[in-house]
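In the numbering used here, the protein residues as written are 528 to 877.
This is how it looks when you write it as structure tokens:
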């Protein structure tokens, strides 16, 4: 897009020239990781237009980058952007363009009768592969109802209209479930994985993300820690995150077993996906009530390659990678953290 068109888009959002000029500066600052400059410009925005939405948006980005999840959520929820983009650290200009593209694609999908595919998954359980395959197969956009696991009602309301797929890791809290029901979402597919597999995968993902920031000279102290720690040491340090994964599975199972009056939930597993993608996706499409051709589904899956390991967002797909790379003592610790009820229900092996 020419710079003049970019300025027109930002000017329309900004409302005045002074704000637009600052937002153009902040575009480059976010992309280069100049967070101190962004903070200074947030203060300048506050002096010009105290209630401007850009203040909350960039405050959300700063808190997101430095791991202040609750503050990031509060600021993002205060903006008018909707729904949630399934991309991290977008500039305002990028978000506006994405939002417009989403609206066009959603309207097209709704016109073709595509329902809402509310897909929730344990992190590192092939959630991106599942959601983006569905989005591609249905020609529907992928977005979020949640930010850091918490539903933003405005986002859920947009997605409940239909014609979209979600990719997120929603916490099964009463507040989240109530917000989803109130939005009009009636069906959710919840995907789980052996938490030890997901945990080990998440450690490598964190290292890759930290490396990408370091390569562009945008690293934080946390990025340096992730890069420098050996995987075994890092795993011990991140046990609280692992417990969070276990609790995520336990809490969703508890919700499903307890029943929900206005929400129908389908439980899926990573193993079902990797063992038989055709049957997996067919069951998901049928659950959400989409019209599709099984032959088209088979053809589209064949185009991806002979196995899911070839999909771009899979690292290795080795179910025993955690067992083969972590010490026996750590493996025993991870096992002990899994409640007996989950071990039995999902046949997790020690």
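C-beta: ideal position from N, C-alpha, C; glycine also.
{"Check": "Top-ranked residue by Cα proximity to residue 714, from 533, 727, 688, 720", "Outcome": "688"}
{"Check": "Assigned exposure category for residue 643 - 16 Cβ within 10 Å defines buried", "Outcome": "buried"}
{"Check": "For residue 833, the three-state DSSP class (helix, strand or coil)", "Outcome": "With a pLDDT of 48 at residue 833, under the threshold of 50, the predicted position of this residue should be treated as unreliable, though the coordinate-derived value follows. If DSSP states are grouped into helix, strand and coil, residue 833 belongs with coil."}
{"Check": "Distance between beta carbons of residue 776 and residue 719, contact taken as under 8 Å", "Outcome": "5 Å"}
{"Check": "Burial state of residue 699 (16 or more Cβ within 10 Å)", "Outcome": "buried"}
{"Check": "Beta carbon of residue 573 nearer than 7 Å to that of residue 675", "Outcome": "no"}
{"Check": "Endpoints, the alpha helix (DSSP H) within which residue 760 is located", "Outcome": "758 to 764"}
{"Check": "Burial state of residue 870, where buried means 16 or more other Cβ atoms lie within 10 Å", "Outcome": "exposed"}
{"Check": "Alpha-carbon to alpha-carbon, residue 535 and residue 770", "Outcome": "48 Å"}
{"Check": "Complete alpha helix (DSSP H) runs within the segment 781 to 805 (minimum length 4 residues, chain order)", "Outcome": "797 to 802"}
{"Check": "Closest residue to residue 659 among 627, 677, 695 (Cα-Cα distance)", "Outcome": "695"}
{"Check": "Inter-residue CB distance, residue 879 and residue 667 (contact presumed, cutoff 8 Å)", "Outcome": "Residue 879 lies beyond the range of the chain shown here (528 to 877); nothing can be said about it."}
{"Check": "Touch test, the segment 624 to 632 against the segment 641 to 655, Cβ-Cβ under 8 Å, three pairs minimum", "Outcome": "no"}
{"Check": "Residue 879, buried or exposed, once every other Cβ within 10 Å from all chains shown has been counted against 16", "Outcome": "With the chain covering 528 to 877 only, the question about residue 879 has no answer from this structure."}
{"Check": "With 16 other Cβ atoms within 10 Å as the buried cut-off, status of residue 531", "Outcome": "exposed"}
{"Check": "DSSP-derived helix/strand/coil call for residue 644", "Outcome": "strand"}
{"Check": "Residue of 824, 790, 764 minimising C-alpha distance to residue 857", "Outcome": "764"}
{"Check": "Own chain partners of residue 586 with C-beta closer than 7 Å, once the 5 adjacent residues on each side are dropped", "Outcome": "569, 602"}
{"Check": "Rounded straight-line distance, which links the Cα of residue 541 to that of residue 837", "Outcome": "Only weak support exists for where residue 837 lies, its pLDDT of 44 falling under 50; the value from the coordinates is given anyway. Approximately 44 Å, taken between the alpha carbons."}
{"Check": "Between the CA atoms of residue 859 and residue 564 - distance to the nearest angstrom", "Outcome": "46 Å"}
{"Check": "7 Å Cβ shell around residue 812 - same chain, five flanking residues per side excluded", "Outcome": "819"}
{"Check": "Nearest residue (CA-CA) to residue 610, options 772, 678, 646, 761", "Outcome": "678"}
{"Check": "Sub-7 Å separation of residue 671 and residue 613 beta-carbons", "Outcome": "yes"}
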